[in-house]
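Just so you know, we're using this note's numbering here: the sequence shown kicks off at 3 and counts up by one.
Note that CB positions come from ideal geometry on N, CA and C, so glycine has one too.
From a predicted model like this one, the values you see are computed outputs, not experimental measurements.
Reviewing the structure listed below.
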Amino acid sequence: MSIDSLLLLKMLVIKKPINLDIAVSLIMTNLLLSM
């Protein structure tokens with residue numbers, strides 16, 4: 003799941019750098035849920 007999250011983050015950053023904060027928040031929530 004971590005790899006998928008990183009790939010999604012990269013795609014979001016490349017497409018819309020403005021959504022970086024949103025992507026980071028989503029990944030953080032995913033990490034917390036995985037824990």
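8 Å contact criterion, which residue i and residue j should meet: CB distance rounded
i     : j     : result
Ile29 : Leu11 : 6 Å
Own chain, CB closer than 6 Å to residue i, minus 5 neighbours either side, in chain order
i     : result
Asn32 : Ser7
Close Cβ partners of residue i (< 8 Å) along its chain, the five nearest in sequence each way excluded
i     : result
Val26 : Leu11
Leu34 : none
Ile5  : none
Backbone CA spacing between residue i and residue j [nearest angstrom]
i     : j     : result
Ile16 : Asp23 : 13 Å
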